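Right, one structure below, let's go through it.
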Amino acid sequence: AQTVTQSQPEMSVQEAETVTLSCTYDTSENNYYLFWYKQPPSRQMILVIRQEAYKQQNATENRFSVNFQKAAKSFSLKISDSQLGDTAMYFCAFMSLQGGSEKLVFGKGTKLTVNP
Amino acid sequence: GAGVSQSPRYKVAKRGQDVALRCDPISGHVSLFWYQQALGQGPEFLTYFQNEAQLDKSGLPSDRFFAERPEGSVSTLKIQRTQQEDSAVYLCASSLTSPRDLITGELFFGEGSRLTVL
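Next comes the structure, spelled out in structure tokens:
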């Protein structure tokens, strides 16, 4: 079974600075998707960015980018020019492309606080 | 509605009571998922529907948990004889197509139903 590990329970960053959130995963598969989701306090989870494992190019979405290291099974999220609205829980997630299941496997999350 | 709607937002139940949690997905969305999120943890998969068909229920923790989506839209998660370990936020998510389709499969989550079992 796949597992996702987020080793940083909490992180903080000053507004306008850059922060990197770590994620590692374990799988024997070659093709899969990886995601970062943001869960603001008392609000719904939203997709931040996603990466297809068969694409070597790292995904970027405005201030958000990933460092995908397939051999190391690492998928970190970099947030540039941090804003107060980035304060939230961030979850890394894995989706297998094999078999019938289309579920996401989530990590335990990293609580990010952006300080003014 | 504009997004995934869940009700009730908060539910307090006495141990042993039955509860029902409702999810209204975005109109037209084929795929619907239920996840359980315990305090301080990431969401854990419970079950998955494609239209009215329950394609995966491998995450349901016991036979006290039951989910249905009889007409392929609204879904209900029922928990019988609730236990304290059932206390969690129950998240519903829907997508227009299969989540494996990156063009149209983006998952949209509701705000969740927070269940507290006393």
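Here the protein sequences come in this chain order: A and B.
Position 60 of the first sequence, counted from 1, bears residue number 60 in my numbering, the numbering being contiguous throughout.
Position 32 of the second sequence, counted from 1, bears residue number 32 in my numbering, the numbering being contiguous throughout.
For each residue, glycine too, the CB sits at the ideal point set by N, CA and C.
On a predicted model such as this, the values are computed, not experimentally measured, just so you know.
When C-alpha distances from residue 109 (chain B) are compared across A:43, A:35, A:34 and A:32, the shortest belongs to A:43.
When the five nearest sequence neighbours on each side are left out, the beta carbons in the same chain lying within less than 7 Å of the beta carbon of residue 99 (chain B) are those of 31, 105 and 107, in order along the chain.
Distances from the CA of residue 39 (chain B) to each of B:64, B:3 and B:91 were compared; the closest alpha carbon is that of B:91. In this structure the segment 96 to 115 of chain A does not lie against the segment 3 to 17 of chain B, because fewer than three pairs of beta carbons, one per stretch, are closer than 8 Å. Judged by DSSP secondary structure, residue 64 (chain B) falls outside any beta strand (DSSP E); it is assigned neither H nor E.
Residue-level contact check: residue 108 (chain A) touches chain B, since one or more beta carbons of chain B fall below 8 Å from its beta carbon.
Taken in chain order, the complete beta strand (DSSP E) segments of 3 residues or longer contained in the segment 81 to 114 of chain B are 88 to 95. In terms of CA proximity to residue 32 (chain A), A:51 leads the group A:51, A:39, A:14 and A:38. In the three-state reduction of the DSSP assignment, residue 86 (chain A) falls in the helix class, which pools H, G and I. Taken through DSSP and simplified to helix, strand or coil, residue 56 (chain B) comes out as strand. Restricting attention to A:76, A:3, A:13 and A:97, the CA atom closest to the CA of residue 49 (chain A) is found in A:76. Straight across, the Cα-Cα distance linking residue 28 (chain A) with residue 34 (chain A) is about 14 Å. About 5 Å separates the Cβ atoms of residue 36 (chain B) and residue 44 (chain B), confirming a contact at the 8 Å cut-off. Between residue 88 (chain B) and residue 33 (chain B), the C-beta gap is not smaller than 8 Å, which leaves the two residues out of contact. For residue 23 (chain B), the enclosing beta strand (DSSP E) has its first and last residue at 19 to 24.
For residue 11 (chain A), the closest Cβ of chain B is not nearer than 8 Å. If you look at residue 14 (chain A), you'll find it in the beta strand (DSSP E) that goes 10 to 14. Per DSSP, the unbroken beta strand (DSSP E) holding residue 19 (chain A) starts and ends at 19 to 21. According to the DSSP secondary-structure assignment, residue 52 (chain A) is paired through a beta bridge with A:33. Around the beta-carbon of residue 38 (chain A), 16 or more other beta-carbon atoms lie within 10 Å, marking it buried. Closer than 8 Å to the CB of residue 85 (chain A) there is not a single CB belonging to chain B. Per DSSP, reduced to three states, the secondary structure at residue 97 (chain A) is coil, with no helix or strand assignment.
The C-beta of residue 65 (chain A) comes no closer than 8 Å to any C-beta of chain B. Within the segment 22 to 40 of chain B, those residues whose Cβ lies closer than 9 Å to any Cβ of chain A are, in chain order, 31, 33, 35, 37 and 40.
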